[in-house]
Amino acid sequence: DAGITQSPRHKVTETGTPVTLRCHQTENHRYMYWYRQDPGHGLRLIHYSYGVKDTDKGEVSDGYSVSRSKTEDFLLTLESATSSQTSVYFCAISGGTGELFFGEGSRLTVL
Amino acid sequence: QQQVKQSPQSLIVQKGGISIINCAYENTAFDYFPWYQQFPGKGPALLIAIRPDVSEKKEGRFTISFNKSAKQFSLHIMDSQPGDSATYFCAASKGSARQLTFGSGTQLTVLP
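If you're matching them up, the sequences are chains E and S in order. According to this note's numbering, the first sequence is numbered sequentially starting from 12. According to this note's numbering, the second sequence is numbered sequentially starting from 5.
Okay, here's the thing in structure tokens:
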């Protein structure tokens, strides 16, 4: 298994509270990604990073921010969580060959 | 705006049968077309991938067929097994960052 750890794996929070999800990799890969998975939508890209402090928006970036201060860590922040952000969030990494390696997901419920 | 359309949404196949999942894309700049397999509670994992310079790629029981002019590609699973029961996603990407655009997924059930 690729060395990807997501935390927390499960979280329940209330509308309006801030939430941070963490992705940690031990592969020293350049690219890191955050996707959300919802029934009927597959996986949709939120943000991605192509290096330390280098990030860009994906398809569904509204309401999310990211930071990458170290190669191994990529943080996803929901500044003020809403019920529409209830989802399973997946972090992925890539060395640039095209293959993405996914973590096991973080299930977020916003009440 | 769904750039990769996948069908069917669900598929039930008898053991030993052939499973076929289809995808169509819109962006002609896409140059990498992978299929991912996902088991419940797990992240997706790469199954097989193809680039547009070939029309077919086979790895064991799994084959990708690619039709560049029609902007379509499909996954064929030969001799389907109960252990193949999972959700399958097609995807496409372009550029050096390789951010993938996924289809909506197909839940495959192989009956014993």
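Glycine residues also receive a C-beta, built at the ideal position from the N, C-alpha and C atoms.
So, is residue i buried or exposed, given that buried needs 16 or more other C-beta atoms within 10 angstroms?
i	result
E:H58	buried
S:Q85	exposed
E:M43	buried
E:S11	Examination of residue 11 of chain E is not possible in this model, given that chain E is present from 12 through 122 alone.
S:T105	buried
E:T28	exposed
S:Q13	exposed
E:Q96	buried
S:F119	Residue 119 of chain S lies beyond the stretch modelled for chain S, which goes from 5 to 116, so this question has no answer here.
Strictly by DSSP, which residues pair up with residue i?
i	result
E:G53	E:D49
S:K62	S:T67
E:K22	E:L119
E:I66	Ile is not the amino acid found at residue 66 of chain E; the sequence shown has Thr there. According to DSSP, E:T66 bridges with E:S60.
E:L89	E:V30 and E:Y75
For residue i, go through chain S and note every residue whose CB falls closer than 9 Å to its CB, in chain order.
i	result
E:L56	Q103, L104, T105 and F106
Given that residue i touches chain E, what residues does it touch there, using C-beta distances under 9 Å?
i	result
S:F93	G53 and L54
For a contact meaning CB atoms closer than 8 Å, what does residue i contact in chain E?
i	result
S:S97	G109
Using a C-beta to C-beta distance shorter than 7 Å, which residues of chain E count as neighbours of residue i?
i	result
S:G109	G53
Strictly below 8 Å CB to CB, what residues from chain S border residue i?
i	result
E:G62	Those within 8 Å of E:G62 in chain S number zero; the least Cβ separation is about 10 Å.
Along the region 85-119 of chain E, where does the CB come closer than 9 Å to a CB of chain S? Name the residues.
F101, C102, A103, S105, G107, T108, G109, E110, L111, F112, F113, G114, E115 and G116
With 9 Å as the limit, tell me which residues of the region 38-49 of chain S have their beta carbon closer than that to any beta carbon of chain E; keep them in chain order.
P38, Y40, Q42, G45, K46, G47, P48 and A49
My parser needs the beta strand (DSSP E) runs of 3 or more residues fully inside the region 10-97 of chain S; what are they?
14-18, 23-29, 37-42, 49-54, 60-63, 66-71, 76-81 and 90-96
Using a Cβ-Cβ cutoff of 9 Å, what residues of the region 62-78 of chain E are near chain S? List them in chain order.
D67, G69 and E70
Can you list, in chain order, the residues of the region 48-76 of chain S whose Cβ is nearer than 9 Å to any Cβ on chain E?
P48, A49, L50, A53 and R55
When you check each C-beta in the region 14-37 of chain S against every C-beta of chain E, which residues fall closer than 7 Å?
Y36
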